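Novice:
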Amino acid sequence: MRSLLILIMTGFVFPAWGCNSALLDQDFRKLAQTDTVNLCEAYSGKVLLVVNTASKCGYTPQYEGLEQLYRKYEQQGLVVLGFPSNDFMGQEPGAETEIQDFCRMNYGVQFPMFEKIAVKNVQAHPFYVQLAELSGTYPTWNFHKYLIGRDGKLITQFSPHTAPFDPAVVTAIEQALKL
Numbered sequence: 067m068r069s070l071l072i073l074i075m076t077g078f079v080f081p082a083w084g085c086n087s088a089l090l091d092q093d094f095r096k097l098a099q100t101d102t103v104n105l106c107e108a109y110s111g112k113v114l115l116v117v118n119t120a121s122k123c124g125y126t127p128q129y130e131g132l133e134q135l136y137r138k139y140e141q142q143g144l145v146v147l148g149f150p151s152n153d154f155m156g157q158e159p160g161a162e163t164e165i166q167d168f169c170r171m172n173y174g175v176q177f178p179m180f181e182k183i184a185v186k187n188v189q190a191h192p193f194y195v196q197l198a199e200l201s202g203t204y205p206t207w208n209f210h211k212y213l214i215g216r217d218g219k220l221i222t223q224f225s226p227h228t229a230p231f232d233p234a235v236v237t238a239i240e241q242a243l244k245l
């Protein structure tokens with residue numbers, strides 16, 4: 067009985083063993099694959115930069131900077147998560163295999179990319195609805211960025227015209243990583 071009591075109390079003292087983020091408790095299919103990933107399980111304790119992407123946008127070259135950010139800070143705990151979306155003037159019309167090939171061949175993208183989803187307004191995926199509720203804004207265009215801390219809580223968001231290596235983005239990431 068005493069062992070059971072200790073076990074129960076330990077669960078209350080150390081709740082960080084599991085992911086406690088309702089925001090991240092979302093399942094997504096990997097881009098052009100059938101495997102699914104639960105963000106909470108896969109990225110608990112990581113700093114996340116969530117970006118809605120598109121292949122035929124003036125901001126598409128940001129893929130290069132996003133990949134550089136990912137490589138620079140991956141060992142410290144940053145993960146860039148890409149979510150292709152066709153919500154803005156049809157700038158992501160391709161099939162998922164085409165999107166994947168485009169990103170890899172043109173920008174060397176290795177950061178995790180997920181299924182094509184809606185990210186704005188009524189049609190938005192529940193993950194983006196939550197991000198909009200927490201930040202006060204849906205993505206205003208492709209390459210809108212949301213920064214999520216190790217605790218699974220939204221830290222801030224950046225407009226699409228804010229480049230990946232903009233000092234504000236880098237500073238926020240480094241603060242979240244505690245560098």
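Adding 66 to a residue's 1-based position in the sequence shown gives its number in our numbering. Backbone N, C-alpha and C define an ideal beta-carbon position, used for all residues, glycine too. Small disclaimer: the values here were computed from a predicted structure and weren't measured.
(1) Applying the 10 Å Cβ sphere with the 16-neighbour rule, what's the burial state of K112?
(2) Let me check understanding here. Comparing Cα to Cα, which of A229, Q99, N118, A242 lies closest to Q134?
(3) Find out if the Cβ-Cβ distance for the pair K182, N152 is shorter than 9 angstroms.
(4) Tell me whether H191 is buried or exposed, calling it buried when 16 or more other Cβ atoms sit within 10 Å of its Cβ.
(5) For I214 and L114, which I take to be in contact (beta-carbon distance under 8 angstroms), what is that distance rounded to the nearest angstrom?
(6) Should H210 go down as buried or exposed, given a rule of 16 or more other Cβ atoms within 10 Å for buried?
(7) What are the boundary residues of the alpha helix (DSSP H) that includes F209?
(8) Quick one, which of N104, K219, S225 has its alpha-carbon nearest A242's?
(9) From the DSSP output, in three-state form, read off F166 for me.
(10) In terms of residue numbering, what span does the alpha helix (DSSP H) encompassing L90 cover?
(11) Cα-Cα, which of Q157, G174, M171, D232 is closest to N118?
(12) By alpha-carbon positions, which one of P150, F168, L105 ends up nearest to V185?
Specialist: Quick look at the numbers:
(1) The residue you call residue 112 lines up with position 46 of the sequence shown. Buried, because 16 or more other Cβ atoms sit within 10 Å of the Cβ of K112.
(2) Numbered from its first residue, the sequence shown carries residue 134 at position 68. Cα-wise, what sits closest to Q134 is A229.
(3) Working through the sequence shown from its first residue, we reach residue 182 at position 116. Working through the sequence shown from its first residue, we reach residue 152 at position 86. Contact: yes.
(4) Taking the sequence shown and counting its residues from 1, the one referred to as residue 191 is at position 125. Buried, by the Cβ-count rule.
(5) As a first step, residue 214 is located in the sequence shown; it is residue number 148 there, counting from the start. As a first step, residue 114 is located in the sequence shown; it is residue number 48 there, counting from the start. Yes, they are in contact, since the Cβ atoms of I214 and L114 sit about 4 angstroms apart, within 8 angstroms.
(6) Locating residue 210 in the sequence shown gives position 144, counting from the first residue. Result: buried.
(7) For the purposes of this step, residue 209 is identified with residue 143 of the sequence shown, where counting begins at 1. Careful: F209 lies outside any alpha helix (DSSP H) and carries neither H nor E.
(8) Counting from one through the sequence shown, the residue named residue 242 turns up at place 176. Checking every option, the nearest Cα to that of A242 belongs to K219.
(9) Walking along the sequence shown from the start, residue 166 turns up at place 100. The residue you asked about is not Phe; residue 166 is Gln in the sequence shown. Three-state DSSP puts Q166 in a helix.
(10) Locating residue 90 in the sequence shown gives position 24, counting from the first residue. No alpha helix (DSSP H) contains L90, which DSSP labels as neither H nor E.
(11) By one-based count along the sequence shown, residue 118 stands at place 52. Of the listed residues, the one whose Cα sits closest to N118 is Q157.
(12) The residue you call residue 185 lines up with position 119 of the sequence shown. Among P150, F168, L105, the Cα nearest to that of V185 belongs to P150.
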